[in-house]
Structure formats: structure tokens, C-alpha cells
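Residue numbers (our numbering), protein chains in the order written: chain A, 281 to 681; chain B, 281 to 681. Glycine included, every Cβ here is placed at the ideal spot set by N, Cα and C. Scroll down for the structure; my scribbles are underneath it.
Laid out in C-alpha cells, this is it:
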């Protein structure tokens, strides 16, 4: 029998208890022995829960129990989640987490400590909810050099953008709807400003290139300024607008979070509502994409339980330790941009002088919507500044994937 | 150092040698030791190959060499591929294969033998080429009960259907084009008649439910009768036509290969050209989809090498052994069907009497295109027979996904 302790009995913690209980026969058949939830650490009591008798309030009860071989941290936040994870590894227990903030901030330290102790620190549930992505990168893709990752990694913003596209709702209206449905938090800034996506793309990039970029060293832009007109213009040109985390792995590794015009030919373009999709490009495998529910209690819990089964089954497979790194110079990144500019007599000459041969989407007289040719970020910024100088106010600028 | 022997130096065998050679530094860093290709078994000699000195013609050289711990079978066909695989396991060597025919026909026996011997029999490359699918089902999805699988599993037919949709080419024209590009074999029947897809969906179903259905016990229909008119009608109603293998896992497990009208809302609908996509539905994870290159030398080889690294790294993870099984009664399956019928005065009453409330796509006078409500297969067959009896000839019938 394998004894596990759950830290946190919130959305993911209770989902994990549900998966382990409801599929206990299937899990025991596959593993060859049962998994027991011996403790659940939470500040609260849950007198009506079937797990009421497992609730403890002191982490030391868990750390001191040599029967507990796996600790699953699902508390959220950096502290005490990190401190308890570290203490569990020091007490000789494998640690599993769904906590992307801890993985992004302390992953290097915890992976190294686990390595030293002959233990495992796994975090499949920290990126993409239930979607298999960390383990495939560490196993199926291990013969390959990953060169590029692009992902729709946040269900809240994808829901909002889908609603804006489908119903013509404004950002504020779609956000309110997402909040009413429980898809967005009361303070939605971590999602809509792009920070949740940033942590996840940094974790994926670290697995791919061995370097964890500091979140505040990469360009991060959210979706709060996207308008219904942008979505309409994008569609007219054959694109959907999605919030995308990208990582270009190479000598000058660039990691970025930005709304993007995604072409209809991309498999990311049809990912709607709260679904996530992650495309990984590598030397021999080309493009592979992983698609599914990027959040939610039970999908995320099933990723946690897959990690438990991996450890309990004795698999030695583990994420490779990374080191702190710095991203390359974002100003050197090259992409096309969708621009919406205030119209002005004679705009054609101004635009072609600054941007070269553009793809015109719409010209209403008052607004010019277009897509630039591929330009370096710094060149595009300079060109836009020159157009503003010449009297063409910038209404929107969104990168093309 | 890990010594491997490759059986077969064709498309996949030479790709495997290329992946192991080109990424040898990366693989050694990840594994902690190098992988050596000690032998390559082939009937031919390859005097100009850098691997010329590894070529052997007698499998017994490999079987007798105790240094070789992993044998990779990439010969194709049932014999001697099966016989050599069995002999390698009996000689105490792990076996990896890309050969779906052997897995479908002899998987139970070879998995059981490997289990008895404490060895592994892995076949990630046998389904979906380079797409990670077997290992995710065996690891990431192991906490879940899989209830349904649907996949575009054959790149040749998907290319043909994509070309028919894009260019209006007939099936014969698109097939000729695929043959000219090397995407289709000179005898394309295994692909276009659906047998390749059938083997693959049977392997996935066996992993999901523990039962391998005999290929000739499941309904298999290819794409040879799909017309440009069908594709146009489907598009008008919001569908693409794809060749899909489906498995409904339950008390009455149904496995089937059939062209399908795939709704635009399905993530399978945008999978074009030679790409494959496999959607797996399970109790806790909901829908996840895996997308990528379903064939090709290097993508398939990277799946083979991932299996080598899995074994070399000491992972105990393995596909669960299955047993021979029989599918449920296909006549009890329920789906909607697209029908194209020869027009006839008063067809409305005939159709509504036999099919109930249909979705009319087109009525040209001479042809009626429609989609039926969900019906049992046997009921739909009976209704179509009655319509034919009444003078409405059946021009096309395609299931809706």
C-alpha cells in the first residue's frame, strides 16, 4: 500500500481525493497495490466530508510519518507551499505539485534537492491542467531538440476571447460573464494580464532548454485592450485572436506572452472556450500538439494522480533540472503585426514609407486596419512611432503568430 | 553503453539510425550513457552507408550477442518480423517495434512473453507515427477510464480527402497526386480501404479496454466512394469529411472504421494533409487530443528512439497485456448519417415517414442531400432499403461523427 498526504483540500485537492476514491479499483489493478490518502492538511475542518478523519492542521504530523512516501502540494501561493515542499523532500518524501508559481520560482532548487535525495519532484498538473504535456516532453520528445513552443495556456482568457468573437461582447462584458460562470476570479488580473500564461510558458521553456527565465524579464502583454473591432478585422483577414505564450529556443532564446492573430491554418486557431492547446516543434518530430481541458478540478486532479502512479510504479523518469537563465533580446524578435491606425489623408504613402508592403484589411476612412510584413520588434516600434508623429494615432497593435 | 540492434534498414530503420546519430550528444546527456547501434539486420548490403559495417544478414548473430539488450523491429509484414521479435524476447532482449500488423496480430502473445521474462515490448511508433499516444495512454491517462477514442490515423487518406476538398479533384485524381508525391503506395488498398486505420484503432482500443478485436470482426469502410459532391454537401452543412477510426468502450464495445462528417466544432475537423489527430475521452480528463505527423521516416523514428530511451533509462512503465475479444453488435451503434438520394416527386413524405425529422442540406430536384436524426445502424439500413424500394436510389451514405 502506498500512503500519500494531500496538502490543501480546495478545488484540486478535493478533486484528487475524488479521483483516487472513485477509480480506486482501476488504480489498484493497474498499480498492483492500493493508494491510501492518509492525511489531508488544511487550515479548515471538513466535518461533513468522507475524508473528515484524515484532516490535520500540522504539517509535522505528515513529515514525521515514515509511512507517507508521497506528498502532494495543492495549496497555491508561494508560502508556505514552497516551505512545506522543501521540508517534505528533506524528510525523504517524493513531492508532487499543481502549483505553477512554486515551480517557476523554486523549481531549480526543489528539482536539485530531489535529485540529491534520490527522490522525485513532479508537476504535470502545473501546466495545461489535465493535458499531458510535461511527461511527453520528458519522455516522448526526449530524442529531439525542441526549437519552438506556442501555447494557449489560460482557459479564462480563451473563454473571454471566444465569447467576444462569438457574441460581439466587449472585453468587460465577456469578463463579467466569465466571472458569473466561475471561469474568472473576482480579481482577474493574473489571468487577463498574462501572468498565469507567463509562468506556464516559462516552465515549458525551462524543460526544453534547461534555463528558467525570470517572469519579470520576459515581455508579457494581456488581453485587456483587445476590442471587438480587432477581432472583426482579424477574422476578415482569416485569423482568430488568442492569448499565446511562445518560446523560441536557440542561442538567443525568446520567451513571450502576447495576444496573437492566429491563422485559420494553425491547429491553435480552433481551440475555443476554456480549452488549452500546446504546440511543440522539434527537429525530428516536427509539430505536435496537445489539446484538452487546461483547468478544472477533476482534469487537473487526474494529472496529479498520474504523477502519483508514476512514482508509485517506480518509474525513474523525471524532469531535468534547469538553471536560472536570461532571455535573449526581445527587440530582435521578428514577427508581423496587425495594426489599426487612425485614418488620415494620404496615409498610403506614410504607411508604405514606414512599413513597406502591407496587407490591407480595411479602410473605413477613419480607421486603417492592416498587417505589416515581418519586422524586427524594434523596427516595428520605430515605424509606429514615426506614423504617430505624422498624425496617424495607433488604435491597436497585435502580433501575428 | 547501451547496445541496440535494428531489424530492417528501410524508411524507419534508416531514420532511427539518423536520429540516434545526429542527436547522440543530446541523447547521451539525457540518458547518462551513449547508445550504440551494434547491428543492422537487412537482406541487402549498403556499401555506401556510414553504417555499412553494422549490416548483418543473419538474425542469430544478434540473438547470440549478450551485449545487445534492445532489438528494434522495423521490417514490416508479419513474418519473419513476428518470429524474430519472439526469438529476441526468448533470448532475453527487450523488443521495440513500429510494426502495427505484428502488434495487432501477436501483441497479446508478445506482451505476455515479455512480462514473463521481465522484459519490455514497446510499440509507440506503431500508431500515429511520431505522435505521442501509446505512452500517454499508459501513463498520463492511467488514473482514468477511457470511454471513447476517435482518430484520424492514416495520413494518405487524409491527404487525399484534403486535396479533394481544396481543389475539387476526384478521388482518383487525388490518389494519383498522392502517389506522385510518395504519400500513397502503388497498391493503395491498405490505406484507402481503411485497413491501416483499422489496425491502429484496434491497438488503441486494446490498450483502453484490455481486449484486442480481430480486424475482420469490426466494420471497416474506406474512402473510395467519397465524391466531390459529398464533400461539397458536407461543407454546406458545416462538416469536413475525414476517415475516422472510432472505439466506444463499455459493456458493448464498438470499434469501427468509417468515413465521417466531422463538425467544424470538433478539433479533428482542422487536421489536414498528412497530419493525424487522436482524441481520447475519459471519465475525469474529458477530451484530450494528440496531433502531429502520423508517418514519415524521422517522426516515426523519434517515437522508436523514445521507446529505446524509456527502456535504457530503466522505466518500468509498459502497455498492459490484453486478451482476444469480440466487439459488440455494430448494428446497435447509434449515429446520424448524411445521405444523398436520387430525387423523386413527393420525396418529402417518403423521407419523413422513413427517417423522421431530417436536416435538409440540398434539393436539386435530381438529388436530395440530408442528414438523418440519430438512428441505430440497423434502423437506418432498413429505412434506406425502404426508400430504395420506393424508387429513391441511394447515391451516398456517410456517418456523422
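query: Are residue 542 of chain B and residue 681 of chain B close, meaning C-beta to C-beta below 8 Å?
result: yes
message: Let's see if you can read the secondary structure: which residues bound the alpha helix (DSSP H) around residue 620 of chain B?
response: Secondary structure note for residue 620 of chain B: it is in no alpha helix (DSSP H), and the uninterrupted beta strand (DSSP E) holding it is 617 to 622.
task: Taking C-beta pairs closer than 7 Å, name the residues in chain A that residue 419 of chain B reaches, listed in chain order.
output: Listed along chain A, the residues sitting closer than 7 Å to residue 419 of chain B by beta-carbon distance are 415, 586 and 590.
- request: Could you check if residue 587 of chain B is buried or exposed, using at least 16 other CB atoms within 10 Å of its CB as the buried criterion?
  value: That one is buried.
query: Is residue 521 of chain B closer than 8 Å to residue 441 of chain B when the C-beta atoms are compared?
result: yes
- request: Determine the extent of the alpha helix (DSSP H) in which residue 451 of chain A is found, giving its start and end residues.
  value: 451 to 460
query: On the premise that residue 282 of chain B lies in contact with residue 350 of chain B, defined as a C-beta separation below 8 Å, what is that separation, rounded to the nearest angstrom?
result: That pair is a contact at about 7 Å.
query: Less than 8 Å separating the beta-carbons of residue 538 of chain A and residue 679 of chain A?
result: yes
Enclosing alpha helix (DSSP H) for residue 469 of chain B [first to last residue]: Counting along the chain, the alpha helix (DSSP H) containing residue 469 of chain B begins and ends at 469 to 472.
- request: Could you tell me the boundaries of the alpha helix (DSSP H) in which residue 301 of chain B lies?
  value: 291 to 302
task: Output, in chain order, the set of chain B residues within a Cβ distance shorter than 9 Å of residue 581 of chain A.
output: Correct list: 423 and 564.
task: Check whether the Cβ atoms of residue 320 of chain A and residue 286 of chain A lie closer than 8 Å to each other.
output: In contact: residue 320 of chain A and residue 286 of chain A (Cβ atoms closer than 8 Å).
- prompt: With a cut-off of 8 Å, does the C-beta of residue 618 of chain B fall near any C-beta of chain A?
  reply: no
message: Since residue 427 of chain A and residue 561 of chain A should fall inside the 8 Å C-beta cutoff, what is the C-beta to C-beta distance between them, to a whole number of angstroms?
response: 5 Å
query: Within the chosen definition, does the segment 398 to 418 of chain A reach the segment 510 to 524 of chain A through at least 3 CB pairs nearer than 8 Å?
result: no
- prompt: So what does DSSP say about residue 570 of chain B, is it helix, strand or coil?
  reply: strand
task: Would you kindly work out how many angstroms separate the C-alpha atoms of residue 638 of chain A and residue 647 of chain A, rounded to a whole number?
output: 15 Å
C-beta atoms of residue 564 of chain B and residue 582 of chain A nearer than 8 Å: yes
Chain B contact for residue 310 of chain A (CB, 8 Å cutoff): Closer than 8 Å: yes.
- prompt: Among B/547, B/555, B/633 and B/540, which one has its Cα closest to the Cα of residue 677 of chain B?
  reply: Nearest C-alpha to residue 677 of chain B among B/547, B/555, B/633 and B/540: B/540.
query: When we look at the beta-carbon of residue 633 of chain A and count the other beta-carbons within 10 Å, is it buried (16 or more) or exposed?
result: exposed
- prompt: Any C-beta of chain B sitting closer than 8 Å to the C-beta of residue 567 of chain A?
  reply: Taking Cβ atoms only, chain B reaches closer than 8 Å to residue 567 of chain A, which makes this a yes.
- prompt: Thinking C-beta only, is residue 364 of chain A closer than 8 Å to residue 339 of chain A?
  reply: yes
query: In the structure shown, what three-state DSSP assignment does residue 397 of chain A receive?
result: It is helical.
query: At a cut-off of 7 Å, is residue 409 of chain B close to the ligand GTP when judged by its beta-carbon and the heavy atoms of the ligand?
result: In the structure on display, the ligand GTP does not appear, and there are no ligands present to speak of.
task: Indicate the three-state DSSP secondary structure (helix, strand or coil) for residue 463 of chain A in the structure shown.
output: coil
- request: Step through the CB atoms of chain A and report whether any lies within less than 8 Å of the CB of residue 596 of chain B.
  value: Output row for residue 596 of chain B: interface = yes.
- prompt: Listed from N- to C-terminal order along the chain, which residues in the segment 306 to 335 of chain B have their beta-carbon within a distance smaller than 7 Å of any beta-carbon of chain A?
  reply: 306, 307 and 310
field: Beta-carbon gap between residue 683 of chain B and residue 610 of chain B smaller than 8 Å
entry: No answer is possible for residue 683 of chain B: it lies beyond the span of chain B, which begins at 281 and ends at 681.
field: 7 Å Cβ cut-off: residues of chain B touching residue 593 of chain A
entry: What residue 593 of chain A touches in chain B: 596 and 597.
- request: Give the DSSP-derived three-state secondary structure of residue 414 of chain B in the structure shown.
  value: helix
query: Start and end of the beta strand (DSSP E) containing residue 520 of chain B?
result: 519 to 528
message: Quick test of the definition: if touching needs 3 or more C-beta pairs under 8 Å, does the segment 595 to 612 of chain B touch the segment 593 to 612 of chain A?
response: yes
Whole-angstrom C-beta distance between residue 483 of chain A and residue 318 of chain A, which should lie under 8 Å: That pair is no contact at about 29 Å.
message: In this structure, how does DSSP classify residue 543 of chain B when only helix, strand and coil are distinguished?
response: strand
task: Please go through the segment 292 to 365 of chain A and give each complete alpha helix (DSSP H) segment of 4 or more residues, from N-terminal end onward.
output: 304 to 311 and 339 to 343
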